[in-house]
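Some notes on the structure that comes next.
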Amino acid sequence: MSGSFGIRTDLAVESKEKYEKDNVEIKGVAIHEEYEESLDLNTTVVRIQTEQGARAMEKPRGTYITMEAPNLIVPDEDYHREISVALAHHLRELLHLEKEKSILVVGLGNREITPDALGPRVIQNLKITRHIVKEYGKAGMGKERVHQISSLVPGVMAQTGMETMEIIRGVIRETDPDAVIAIDALAARSVRRLNCTIQVTDTGINPGSGVCNHRCGLNEESLGIPVIGIGVPTVVDGATIVHDAIAHLLENLEESEMEEFLQELITPRLHSMFVTPKDVDETVKRLSYTISEGINIAMEA
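According to the working numbering, the sequence shown is numbered sequentially starting from 1.
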């Protein structure tokens, strides 16, 4: 968790902002920001380089790339295509796709719950190639160089009775991919980042972390191969909304007085409530195409 009173976020960029607000330097963490005006796209790369930095950020060591594009909520196919191209660029760098690889893409989440259906929906739009290459060789794809793409939607424990990691480990043992891409819905600290922010990281992902339902982490340590996590915040902690609204009203109070008041107001029950925009169904559908297209473009050898 990150922020006041356990208000949580899955985004490294928001963990970074907490320290900037307090004018605290984060040792062992390198940060680079770049703004592309034509796309209104702000990209922040956070590299956690030391264990000290990892403890401060409350996240594993590794690279976190956050793409903030407010216009992602707009149904503009050309714009979403541009974001897909930018996402593909980051994926190529993190996966080191200079040579042919076999990639397993895993869509995490519950397809029956819209804010949690991002992962399964991304899988629906992927170009799957592993079976074709296995059956006909590269000639079956009409190319001399082909990445083998397979996919998996493991569901959630309530549907399968199994840990997601158990299912993925079994598939990895049988199919022997070089790397995994795991896609999941996340939680944000800021309402303005909902459904218009994409985080890509080489540290893997924790299924269910967005709603505090922590399962076994999917990372190189647990799976034995590199794991790239792709996430979009689709929900925000109910306590966050209350905290920000009240803090704005009480901004003239001393900080200690404000903290004490908020601590009394924000009850544990608020942390079990998660809020999502009313148009989340259409937004998740569009974002699933944006992410799947980004993966498809990255895998074009």
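Yeah, the Cβ is synthetic: ideal placement off N, Cα and C, and Gly gets one too.
Quick caveat: nothing in here was measured; it's all calculated off a predicted structure.
Find the nearest neighbour of residue i within the set the options, judged by alpha-carbon distance.
i, options, result
"proline 277", "Gly294, Pro233, Ala245, Asn296", "Pro233"
"valine 105", "Ser84, Arg286, Val227, Glu144", "Val227"
"aspartate 237", "Asp202, Phe274, Asn219", "Phe274"
"arginine 145", "Ile132, Lys99, Ser190, Gly170", "Lys99"
"asparagine 71", "Asn42, His90, Tyr64", "Asn42"
"glutamine 159", "Ala239, His32, Arg111", "Arg111"
"glutamate 282", "Lys138, Val74, Glu166, Arg189", "Val74"
"methionine 57", "Thr129, Ser150, His32, Ser15", "Ser15"
"threonine 203", "Val191, Asn195, Ala179, Cys196", "Ala179"
"isoleucine 168", "His80, Leu194, Ile205", "Ile205"
"glutamate 77", "Ala298, Met299, Arg286, Glu300", "Arg286"
"proline 60", "Arg47, Glu68, Ile26", "Arg47"
"lysine 127", "Glu93, Leu95, Leu152", "Leu152"
"proline 207", "Gly119, Ser292, His80", "Gly119"
"threonine 201", "Leu97, Leu87, Arg55", "Leu87"
Tell me residue i's beta-bridge partners as DSSP assigns them.
i, result
"glutamate 302", "The requested residue 302 does not occur in the structure, where the chain is confined to residues 1 to 301."
"threonine 63", "Arg47"
"isoleucine 235", "For the record, residue 235 in the displayed sequence is valine; it is not isoleucine. Valine 235 is bridged to Ala187."
"glutamine 148", "Ser102"
"isoleucine 167", "According to DSSP, which records beta bridges pairwise, isoleucine 167 is partnered with nothing at all."
"isoleucine 205", "Leu218"
"valine 275", "Val236"
According to DSSP, is residue i part of a helix, a strand, or is it coil?
i, result
"serine 2", "Residue placement at serine 2 cannot be trusted, given a pLDDT of 40 that sits under 50; what the coordinates show is reported in the next sentence. Coil."
"histidine 32", "strand"
"alanine 182", "strand"
"valine 211", "Bear in mind that the predicted position of valine 211 carries a pLDDT of just 48, short of 50, making it unreliable; the figure below should be weighed with that in mind. Here valine 211 sits in helix by DSSP."
"leucine 97", "coil"
"leucine 118", "helix"
"glycine 107", "strand"
"leucine 218", "strand"
"glycine 161", "coil"
"glycine 229", "strand"
"leucine 223", "helix"
"valine 156", "coil"
"glutamate 112", "coil"
"lysine 16", "helix"
"leucine 91", "helix"
"glycine 142", "coil"
"aspartate 244", "helix"
"threonine 175", "helix"
"glutamate 58", "coil"
"threonine 9", "coil"
"glutamate 25", "coil"
Can you tell me where the alpha helix (DSSP H) holding residue i begins and where it ends?
i, result
"isoleucine 295", "280–298"
"arginine 130", "130–136"
Assuming residue i contacts residue j under a Cβ cut-off of 8 Å, what Cβ separation, rounded to an integer in Å, is found between them?
i, j, result
"valine 29", "glycine 62", "So it is not a contact: roughly 11 Å between Cβ atoms."
"glutamine 199", "threonine 66", "5 Å"
"isoleucine 225", "isoleucine 181", "Isoleucine 225 to isoleucine 181, Cβ: 11 Å. No contact."
"arginine 81", "glutamate 293", "7 Å"
"threonine 197", "leucine 11", "7 Å"
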